[in-house]
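**Q** Before we start, here is the structure in question, set down as structure tokens.
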Amino acid sequence: MIQWPKTNDALGTVNRGNPCESGLCTLCRVDCAGKCETWLSSLKGRKLLYPRDYSFTTAGSSNTTHLGVSYNSLRINGYNYGATGLPKGLSNSEDECIFPNVSVEGEFGKIVKTKFRVPVMTGALGSTFVAAKYWESFAVGAALVGVPIVVGENVVGIDKQAEIRDGKIIKAPELDRRIETFMRYYDGYGAILVQMNVEDTRNGVAEYVIGKYGDKVIIELKWGQGAKCIGGEIQVNSLEYAQFLKKRGYVVDPDPTIPEVQEAFKSGSIKSIARHSRLGYTSLSSEARVRESFMKAVKYLRKIGYKRISLKTGSYGMEALAMAIKYASEAKLDLLTIDGSGGGTGMSPWNMMEAWGVPSVLLHAKAYEYAQILAKKGKSVVDMAFAGGLAREDHIFKALALGAPYTKLACMGRALMIPAYLGSNIQGVLDPAVKARVSGSWDKFPASVADLGTTAEELFAGYYDLQKKVGKDEMKNIPLGAVAFWTLADKLAAGIQQLMAGARRFTLKAISREDIFSANRETEKETGVPFITDFADDKARKILKS
Ligand code: SF4
Numbered sequence: 449m450i451q452w453p454k455t456n457d458a459l460g461t462v463n464r465g466n467p468c469e470s471g472l473c474t475l476c477r478v479d480c481a482g483k484c485e486t487w488l489s490s491l492k493g494r495k496l497l498y499p500r501d502y503s504f505t506t507a508g509s510s511n512t513t514h515l516g517v518s519y520n521s522l523r524i525n526g527y528n529y530g531a532t533g534l535p536k537g538l539s540n541s542e543d544e545c546i547f548p549n550v551s552v553e554g555e556f557g558k559i560v561k562t563k564f565r566v567p568v569m570t571g572a573l574g575s576t577f578v579a580a581k582y583w584e585s586f587a588v589g590a591a592l593v594g595v596p597i598v599v600g601e602n603v604v605g606i607d608k609q610a611e612i613r614d615g616k617i618i619k620a621p622e623l624d625r626r627i628e629t630f631m632r633y634y635d636g637y638g639a640i641l642v643q644m645n646v647e648d649t650r651n652g653v654a655e656y657v658i659g660k661y662g663d664k665v666i667i668e669l670k671w672g673q674g675a676k677c678i679g680g681e682i683q684v685n686s687l688e689y690a691q692f693l694k695k696r697g698y699v700v701d702p703d704p705t706i707p708e709v710q711e712a713f714k715s716g717s718i719k720s721i722a723r724h725s726r727l728g729y730t731s732l733s734s735e736a737r738v739r740e741s742f743m744k745a746v747k748y749l750r751k752i753g754y755k756r757i758s759l760k761t762g763s764y765g766m767e768a769l770a771m772a773i774k775y776a777s778e779a780k781l782d783l784l785t786i787d788g789s790g791g792g793t794g795m796s797p798w799n800m801m802e803a804w805g806v807p808s809v810l811l812h813a814k815a816y817e818y819a820q821i822l823a824k825k826g827k828s829v830v831d832m833a834f835a836g837g838l839a840r841e842d843h844i845f846k847a848l849a850l851g852a853p854y855t856k857l858a859c860m861g862r863a864l865m866i867p868a869y870l871g872s873n874i875q876g877v878l879d880p881a882v883k884a885r886v887s888g889s890w891d892k893f894p895a896s897v898a899d900l901g902t903t904a905e906e907l908f909a910g911y912y913d914l915q916k917k918v919g920k921d922e923m924k925n926i927p928l929g930a931v932a933f934w935t936l937a938d939k940l941a942a943g944i945q946q947l948m949a950g951a952r953r954f955t956l957k958a959i960s961r962e963d964i965f966s967a968n969r970e971t972e973k974e975t976g977v978p979f980i981t982d983f984a985d986d987k988a989r990k991i992l993k994s
């Protein structure tokens, strides 16, 4: 079993818990005092691209990336001449082809193009309470940076204040808050997507959203995620709330209407009850029937007014992957997010996360292979986002290259949540009056923060840059979780620019499969990406023999 290192002496980072493939801990805590790379980057920004203590140290790669088959066993290529994909107005001179001039802006979509400033999007942040608690930071951060954010499933269904009558939503305050918070700072880049699972479809989420927000929102059909194969889950610790959710039509376990469960809850031996979603398409027994049902759903969404529709699929096997790519392409969807095992933002069963589904790099390599089959037949292929264990700039670059030219975005769940927690914890200490509102977890700064400063201006490398964008007066209204989101996004963007410059790609569209290689033979076999020294070996020999 591969053990990912807990500490990185070069960057001065240390994981609180056990790191996984993404570099994040298997269990990421909202009250974490640090300090993994993502946590520290949310404060120090692009400084974290470099080893610490410059001029007092030298640094060398640990080369742990060559083991096993994962995103970490892909390496990034670089070239010693040329420049491709120059953005408009940029010449190929050495003076202009510098990494800060690399454009990391892009777009996705079939007819209506959705623009973004950095090729990342959030994972689906749905009914899990952590999404609700830190929503302001996520949504304001995503809108200011200009990247897509996804409202996950069941947000209306679990909202006690929502009113649903005969499958029609009359009132949905939490969903309204989610959309309106993003729209407050939306400036033409990024987008808000609202997911729909079985329950959301029954509850009339699509009709409510189009009626109230028109086509400002992208509607997302949900097949699954990488963390689990049984739909979204949350845990509630009130018997009444569990009974309310049961009445709303959810699968609630253990059943809070059973007297024995009620007794166990009152005695304290059961302290929480889980709410689950339903599986989709259970009554359909063939691929053809699923296709028919899917196309019907898309047709209906278009009929009620949606111009932008996306699909999210999970780490199911190859048949489901092919179905997702084929149907999404045929239905002319705007985006297909393919989520590999096994990170989650909510309450996925642990051993299911450990044992279920197709790991990201394998799933994404196959997604490319299948997309190529369609493309070779002359079909237009849906734009894609790859998700599952992506956290750093090198992961983003590799995901874009592995799925090039179809992959437009790296979808990042847990990593983009960390700045929201951290910023909120800092805000709660700086202004105890708002601590509860922003869900701050700290009473005072831990040493990892206190060592860096005592004010927001001192702590966040991106503070003044963001202030320049929104203005000094407005800056007071920006949650510090969003300032941290901005700071992390700046580090990721600069990191991608550097990797792209090294590969001589000056726009995202220029990134290709030739920009990565496999660091071991097994990765080569599974991904179809050539082994390091095999790539361009023919060109090398030609030079030597000429
Ligand atoms: S922020 Fe999360 S992933 Fe990072 S060290 Fe803390 S617990 Fe681990």
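In this note's numbering, the protein residues as written are 449 to 994. In this text, a Cβ means the ideal position worked out from N, Cα and C, and glycines have one as well. In this text the structure is predicted, and so the values were computed from the model without any measurement.
1) In terms of DSSP beta bridges, what is PRO807 paired with?
2) For LEU857 and PRO567, what's the separation of their Cα atoms in angstroms?
3) What residues are listed by DSSP as bridge partners for PHE564?
4) What is the DSSP secondary structure of LEU623, reduced to helix, strand or coil?
5) In chain order, what residues of the same chain have a beta carbon less than 6 Å from the beta carbon of LYS563, not counting five sequence neighbours either side?
6) Across the stretch 697-712 and the stretch 730-745, are there enough close Cβ pairs to call them in contact, namely three or more that are closer than 8 Å?
7) If you count every other CB in all the chains shown that lies within 10 Å of the CB of HIS843, and 16 or more means buried, which is it?
8) Among all the DSSP beta bridges, which residues are the ones paired with MET860?
9) Could you tell me the distance, in whole angstroms, from the CA atom of ALA932 to the CA atom of THR461?
10) Kindly list the residues whose CB is nearer than 7 Å to the CB of ASN651, restricted to its own chain and excluding five residues on each side of it in sequence; keep chain order.
11) Grab the span of the beta strand (DSSP E) containing HIS514 for me, first residue to last.
12) In terms of residues, what are the limits of the alpha helix (DSSP H) holding THR649?
13) Compute every distance between the C-beta of LYS744 and the non-hydrogen atoms of the ligand SF4, then say whether any falls below 7 Å.
14) For the ligand SF4, list every residue whose C-beta falls under 5 Å from any of its heavy atoms, going in chain order.
15) Name the DSSP beta bridge partners of ARG523, please?
16) Go to GLN683, then tell me how far its beta strand (DSSP E) extends in each direction, as first and last residue.
17) Hey, how far is the Cα of SER960 from the Cα of ASP787?
18) I'd like the list of long-range same chain contacts for VAL977, defined as Cβ closer than 8 Å, with 5 residues on each side in sequence excluded.
19) Quick one: what's got a C-beta closer than 7 Å to ASN463's C-beta in the same chain, skipping five residues either side?
20) Can the beta-carbon of LEU822 be found closer than 8 Å to that of VAL829?
21) Within the chosen definition, does the stretch 482-498 reach the stretch 861-872 through at least 3 CB pairs nearer than 8 Å?
22) Please go through the same chain and pick out, in chain order, the residues whose beta-carbon is closer than 8 Å to the beta-carbon of THR532, but skip the five residues on each side of it.
23) Just curious, the alpha helix (DSSP H) that THR486 is in, first and last residue?
24) Pull up the DSSP beta-bridge partners for HIS724, would you.
25) Figure out for me which residue from ARG626, ALA884, PRO927 and VAL657 has the closest Cα to the Cα of ALA904.
26) Check this for me: beta carbons of ARG632 and ALA591, under 8 Å apart or not?
27) Check the C-beta distance from VAL398 over to ALA572 and give it rounded, since I have them as a contact under 8 Å.
28) How far does the beta strand (DSSP E) with ARG613 in it reach, from first residue to last?
29) With distance defined between alpha-carbon atoms, name the residue in LEU947, ASN968, GLU974 and GLU767 nearest to TYR527.
30) Around the Cβ of HIS724, are there at least 16 other Cβ atoms within 10 angstroms (buried) or fewer (exposed)?
31) So, are the CB atoms of TRP934 and GLY589 less than 8 Å apart?
32) What residue ranges within the stretch 888-934 form continuous alpha helix (DSSP H) runs of no fewer than 4 residues, ordered along the chain?
33) What are the boundary residues of the alpha helix (DSSP H) that includes MET771?
34) Kindly indicate which three-state DSSP category ALA949 falls into: helix, strand or coil?
35) Please name the residue, chosen from TYR912, LEU727 and VAL642, that lies closest to GLY662 on a Cα-to-Cα basis.
36) The beta strand (DSSP E) spanning PHE834 covers which residue range?
**A** So, to answer that:
1) SER789
2) 5 Å
3) GLY554
4) helix
5) GLU555 and TYR637
6) no
7) buried
8) THR570
9) 17 Å
10) VAL604, GLY605, ILE612, GLY615 and ILE617
11) No beta strand (DSSP E) contains HIS514, which DSSP labels as neither H nor E.
12) 646-651
13) no
14) ASN463, ARG464, LEU472, CYS473, CYS476, ARG477, CYS480, CYS484, TRP487 and ILE866
15) PHE965
16) 681-684
17) 21 Å
18) LEU522, ALA813, LEU850, ARG961, ILE964, PHE965, SER966 and THR971
19) LYS454, CYS473 and CYS484
20) yes
21) yes
22) ARG952, ARG953, PHE954 and ALA958
23) 485-492
24) GLU681 and VAL699
25) PRO927
26) yes
27) Given a span of 449 to 994 for the chain in the structure shown, any question on residue 398 remains unanswerable.
28) 611-613
29) LEU947
30) buried
31) yes
32) 895-898, 904-907, 911-918 and 920-923
33) 766-778
34) helix
35) VAL642
36) 832-835
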